[in-house]
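Take a look at the structure set out below.
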Amino acid sequence: MKTIREINEKIKKGDAVVVTAEEMIEIVEEMGPKGAAKEVDVVTTGTFGAMCSSGVFLNFGHSDPPIKMMRTYLNGVEAYSGLAAVDAYLGAAQPNSDDDIDINYGGAHVIEDLVAGKEVRLVAEGYTTDCYPRKRVSTTITLEDLNQAIMVNPRNSYQTYPAATNSREEKIYTYMGTLLPEYSNINYSGAGQLNPLQNDYNRERKTYNTIGIGTKIFLGGGIGYIIGEGTQHNPEKAFGTLMVKGDLKTMSTKFLRAGTMPNYGCTLYVGVGVPIPVLNEEVAKACAVRDEDIQVPILDFGVPRRDRPVVAKTNYKELRKGEVTIEIYDNELKRWVEKTVKTASVSSYKKSREVAEELKRWILNGDFTLSEPVAPLGRGSCKPMKAEAKLVRDILSRPPIVARPNISIEEAARILTEKNINHLPIVDEEGKLLGIVTSWDIARAVAQNIKSICEIMTRKVISSTLDEPIDVVARKMSRYDISGVPVVDSSGRVVGMVTAEDLSKLLGHRKF
Amino acid sequence: MKKRIYYWVHEEYRDKPIIAKVILETKVLINILVAKMKPQESFLILELSGSEEQIEKALNMLKKYGEYEDIPKTIEKNKERCIDCGACIVHCPVNAISREEDFTIVFNEKECIGCKNCVKICPLKAIEVCEI
Ligand code: SF4
Ligand code: SF4
Numbered sequence: 001m002k003t004i005r006e007i008n009e010k011i012k013k014g015d016a017v018v019v020t021a022e023e024m025i026e027i028v029e030e031m032g033p034k035g036a037a038k039e040v041d042v043v044t045t046g047t048f049g050a051m052c053s054s055g056v057f058l059n060f061g062h063s064d065p066p067i068k069m070m071r072t073y074l075n076g077v078e079a080y081s082g083l084a085a086v087d088a089y090l091g092a093a094q095p096n097s098d099d100d101i102d103i104n105y106g107g108a109h110v111i112e113d114l115v116a117g118k119e120v121r122l123v124a125e126g127y128t129t130d131c132y133p134r135k136r137v138s139t140t141i142t143l144e145d146l147n148q149a150i151m152v153n154p155r156n157s158y159q160t161y162p163a164a165t166n167s168r169e170e171k172i173y174t175y176m177g178t179l180l181p182e183y184s185n186i187n188y189s190g191a192g193q194l195n196p197l198q199n200d201y202n203r204e205r206k207t208y209n210t211i212g213i214g215t216k217i218f219l220g221g222g223i224g225y226i227i228g229e230g231t232q233h234n235p236e237k238a239f240g241t242l243m244v245k246g247d248l249k250t251m252s253t254k255f256l257r258a259g260t261m262p263n264y265g266c267t268l269y270v271g272v273g274v275p276i277p278v279l280n281e282e283v284a285k286a287c288a289v290r291d292e293d294i295q296v297p298i299l300d301f302g303v304p305r306r307d308r309p310v311v312a313k314t315n316y317k318e319l320r321k322g323e324v325t326i327e328i329y330d331n332e333l334k335r336w337v338e339k340t341v342k343t344a345s346v347s348s349y350k351k352s353r354e355v356a357e358e359l360k361r362w363i364l365n366g367d368f369t370l371s372e373p374v375a376p377l378g379r380g381s382c383k384p385m386k387a388e389a390k391l392v393r394d395i396l397s398r399p400p401i402v403a404r405p406n407i408s409i410e411e412a413a414r415i416l417t418e419k420n421i422n423h424l425p426i427v428d429e430e431g432k433l434l435g436i437v438t439s440w441d442i443a444r445a446v447a448q449n450i451k452s453i454c455e456i457m458t459r460k461v462i463s464s465t466l467d468e469p470i471d472v473v474a475r476k477m478s479r480y481d482i483s484g485v486p487v488v489d490s491s492g493r494v495v496g497m498v499t500a501e502d503l504s505k506l507l508g509h510r511k512f
Numbered sequence: 001m002k003k004r005i006y007y008w009v010h011e012e013y014r015d016k017p018i019i020a021k022v023i024l025e026t027k028v029l030i031n032i033l034v035a036k037m038k039p040q041e042s043f044l045i046l047e048l049s050g051s052e053e054q055i056e057k058a059l060n061m062l063k064k065y066g067e068y069e070d071i072p073k074t075i076e077k078n079k080e081r082c083i084d085c086g087a088c089i090v091h092c093p094v095n096a097i098s099r100e101e102d103f104t105i106v107f108n109e110k111e112c113i114g115c116k117n118c119v120k121i122c123p124l125k126a127i128e129v130c131e132i
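Pasting the structure below:
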């Protein structure tokens, strides 16, 4: 019906009709897709959220004498420089090399500081060669000093994203933000009806109507391009992603911001806006997508596995209201109960709107014309990693060594020394866990002249199950600063013990 | 509403149960956040909660026995840094954070009890709580 060239002519003349994806919903409702396609030329979309898969290629220019940079730090954050002499890639999620600063100032923060025009300390080391005799360089740079600062983000602008909640009894810190215990909040992310891929998605064909390689976009307040489908692109499941590039020198901190997800990591909040040329009815129809049309699963991040259980399904409209009612299983009442849970966004709908509005303004002013994509996005792939999960059941071989609470301290001490162990789970007549006694407890009992096991055993025991991955057990031990956990089956019976020693043999000595 | 004040008790009333008296007469709830009682001076930081009227009455009473000064702000959102995501809302125990129609996140200083929950979770480090 219309071509991009015709739309561009209109833009140049100042005649183009440009609306945001939010405004398009009403227009399609009123006029139908056919009428809307005739009326509207461009729909602007926008999203603004944490996009960890972002970063910048930097070229520093050559120093004199020249150096081949191998280890490169910007304000203490390492940039990958296994490239040509003075090229590096600074990833947004890279923490600071100073452990005390760590995720509080990482790659994303350096990127934001560069965009803000601030001076950044560059320290680099290399190995010397005949052509690159210099070993070390230390100087300050600004964005202006760099030859190039090209943002290349392998995965931005997820079409939708599952929401997160937490079934555990403890607060957890995730890339979806802080999740309170026992399903006390639901965090979600995404611009929904304003999202670029959502508005271009052809629900019948499971492809994108107009977006392709070479589509010119709004990126971080500057002009960018889509250079392909993003990593983990999965159009089949309506989980598309974009790989984008843009010139950092044109961007602004209004649409590019560094953040730190508490106890998780640093990340870059990126504003991405894509103009959609309304070429025909089909395109117009897709642009009418509403928050309520986009289903969002709520996953339990309390389960530290790749495939997290789906707690409920909702949509962006419900999520944006501020509360969602879900059904959860109450272990005490032994039945399903309804719970109204508060929702919180970790991306910004307000900023997403600002992105779409800003792009609209650019086009209306004639400053931004549309590009013809050179090829459609690829089909993508999003399959799991081929890596075996080692579970507790795989490493548990010995029969459990347990004791009843009525044994004496001396007996307990004998068991520990004879079996050469440090932890003794105390069980009832059915073998169910009551508590735990360690060699330390025995020493204390002797020192303080305590006679009964019940007085010295720890009753609130951190335990594990047969199906728990050993990495999860390792995290538990380091989190609670303990050296062993009893393993219980589904009925609470002790089936074995996993100790820090067992794990360090398997996982090596590392920071968990 | 809630109001936080610095309060210096006049020397002659230092050993009188002024706070208890104000609570009894005005039914205002008073939380003593800081108290420094020395022979030469007694200084308090108080948080009053109640209706506007009650608080005014309480302040008038307090004025009789000492001097007070408003604590200007307990919490401040750095408008430049905040991206209005709303991640902080659910972490506030007293519902002092809310979202407006246009998705702007606003802080109600009067309700804030300065617990800093929101400060800790804000990814943008956009919230500043004044120390007392
Ligand atoms: S979490 Fe921080 S950035 Fe987000 S709305 Fe609250 S104050 Fe603003
Ligand atoms: S400091 Fe505490 S009470 Fe005040 S706004 Fe933040 S979370 Fe609410």
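Going down the list, the protein sequences come from chains E and F.
First residue of the first sequence? That's 1 in the UniProt record's numbering, and the numbers climb one at a time after it.
First residue of the second sequence? That's 1 in the UniProt record's numbering, and the numbers climb one at a time after it.
Note that beta-carbon positions come from the ideal geometry of N, C-alpha and C, so glycine has one too.
These figures come from a predicted structure and were not determined experimentally.
Report yes if the CB atom of E67 (chain F) is closer than 9 Å to the CB atom of Y7 (chain F), and no otherwise.
Contact: yes.
Does ligand 1 have a heavy atom nearer than 8 Å to the CB of K77 (chain F)?
With a cutoff of 8 Å, K77 (chain F) counts as near ligand 1, since its C-beta is closer than that to a heavy atom of the ligand.
Contact under 9 Å by Cβ, G55 (chain E) with G117 (chain E):
The Cβ atoms of G55 (chain E) and G117 (chain E) lie no closer than 9 Å to each other.
Looking only at its own chain, which residues have a Cβ that is under 6 Å from the Cβ of P162 (chain E), when we skip the five neighbours before and after it?
Hits under 6 Å: P297, L299.
Separation of E281 (chain E) from E30 (chain E), as counted between CA atoms:
Inter-residue distance for E30 (chain E) and E281 (chain E) is about 14 Å (C-alpha atoms, whole angstroms).
Going by C-alpha to C-alpha distance, which of E:P373, E:I186, E:A164 sits closest to T340 (chain E)?
With distances taken between Cα atoms, T340 (chain E) lies closest to E:I186.
Whose C-beta lies closer than 6 Å to the C-beta of D291 (chain E) among residues of the same chain, with five residues either side of it excluded?
Once the five neighbours on either side are set aside, the close Cβ partners of D291 (chain E) are G192, Q193, Y316, K317.
Please decide whether Y80 (chain E) counts as near chain F, where near means a Cβ-Cβ distance under 9 Å.
No, Y80 (chain E) lies away from the interface with chain F (no Cβ there is under 9 Å from its Cβ).
Is G114 (chain F) near ligand 2, with its Cβ less than 8 Å from a heavy atom?
Indeed, a heavy atom of ligand 2 lies less than 8 Å from the Cβ.
Inter-residue Cα distance where the pair is R335 (chain E) and S167 (chain E)
Separation of R335 (chain E) and S167 (chain E) (C-alpha to C-alpha, rounded to the nearest whole angstrom) is 15 Å.
Can you determine whether any heavy atom of ligand 2 sits closer than 8 Å to the C-beta of P66 (chain E), and answer yes or no?
The answer is no for P66 (chain E).
When we look at the beta-carbon of R510 (chain E) and count the other beta-carbons within 10 Å, is it buried (16 or more) or exposed?
Here R510 (chain E) scores only 46 on pLDDT, less than 50, and its place in the model should not be relied on; the value that follows carries that caveat. Exposed, since its Cβ has fewer than 16 Cβ neighbours within 10 Å.
Can you tell me whether F301 (chain E) sits near ligand 2, meaning its C-beta is under 8 Å from at least one heavy atom of the ligand?
Checking the Cβ of F301 (chain E) against ligand 2 gives no.
Rounding to the nearest angstrom, what Cα-Cα distance links V152 (chain E) and G273 (chain E) in this structure?
In a straight line, the C-alpha of V152 (chain E) is about 15 Å away from that of G273 (chain E).
Just tell me which of E:V461, E:D441, E:L503 has its CA closest to the CA of S452 (chain E).
Selected option, being the one with the closest Cα: E:D441.
With 9 Å as the threshold, decide whether the Cβ of P93 (chain F) is near any Cβ in chain E.
Chain E, which has no Cβ nearer than 9 Å to the Cβ of P93 (chain F), makes this no.
Mapping DSSP to helix, strand and coil, what is H10 (chain F)?
Coil, per DSSP.
Between the region 123-135 of chain E and chain F, which residues of the former have CB atoms less than 9 Å from a CB of the latter, in chain order?
Residues: none.
If you measure between the beta carbons of D102 (chain F) and K351 (chain E), is that distance less than 9 Å?
No Cβ-Cβ contact shorter than 9 Å links D102 (chain F) with K351 (chain E).
Quick check: the Cα distance between F512 (chain E) and S478 (chain E), rounded to an integer number of angstroms?
Residue placement at F512 (chain E) is poorly supported in this model, since its pLDDT is 40, which falls under 50; the coordinates are not used for a value here.
Local conformation of F512 (chain E) per DSSP, three classes
Note that F512 (chain E) has pLDDT 40, beneath the 50 cutoff, so the model's placement of it is unreliable and no number is given.
Can you confirm whether T104 (chain F), when its beta carbon is compared against all beta carbons of chain E, has any partner nearer than 9 Å?
By this cut-off, T104 (chain F) is an interface position.
Does D70 (chain F) pass the burial test, meaning 16 or more other C-beta atoms within 10 Å, or should it be called exposed?
Exposed, since its Cβ has fewer than 16 Cβ neighbours within 10 Å.
Could you work out which residues of chain A lie near I32 (chain F), taking near to mean beta carbons separated by less than 8 Å?
Judged by its chain identifiers, the structure shown contains no chain A, and its protein chains are E and F.
Please classify N117 (chain F): does DSSP put it in a helix, a strand, or coil?
In the three-state scheme derived from DSSP, where H, G and I count as helix and E and B as strand, N117 (chain F) is classed as helix.
Tell me whether L333 (chain E) is buried or exposed, calling it buried when 16 or more other Cβ atoms sit within 10 Å of its Cβ.
Flag for L333 (chain E) reads exposed.
Stretch-stretch touch, CB-based, cutoff 8 Å, three pairs: the region 390-400 of chain E with the region 455-463 of chain E:
The region 390-400 of chain E, when compared against the region 455-463 of chain E, does not touch it at the 8 Å Cβ threshold.
Check whether the Cβ of G66 (chain F) lies closer than 9 Å to any Cβ atom in chain E.
No, G66 (chain F) does not count as interfacial toward chain E.
How big is the Cα-Cα spacing for K171 (chain E) and M497 (chain E)?
Near 26 Å, if we compare the C-alpha coordinates of M497 (chain E) and K171 (chain E).
Tell me which same chain residues have a C-beta within less than 8 Å of the C-beta of I213 (chain E), skipping the five on either side of it?
Counting only Cβ-Cβ distances below 8 Å, and skipping sequence neighbours, we find I226, I227, G228, P373, V374, A375, P376, L377.
Taking only three categories from DSSP, how would you classify A412 (chain E)?
Residue state, collapsed to three classes: helix.
DSSP puts C266 (chain E) in a beta bridge; with which residues?
Per DSSP, the beta-bridge partners of C266 (chain E) are E:T260.
What does the shell around ligand 1 hold, if a residue joins when its beta-carbon is under 6 Å from any heavy atom?
Taking a cut-off of 6 Å from the heavy atoms of ligand 1, the residues with a C-beta inside it are F:K77, F:C82, F:I83, F:D84, F:C85, F:G86, F:A87, F:C88, F:I105, F:C122, F:L124, F:A126, F:I127.
Flag T178 (chain E) as yes when its Cβ comes closer than 8 Å to any non-hydrogen atom of ligand 2, and as no otherwise.
If you check the C-beta of T178 (chain E) against ligand 2, you find no heavy atom less than 8 Å away.
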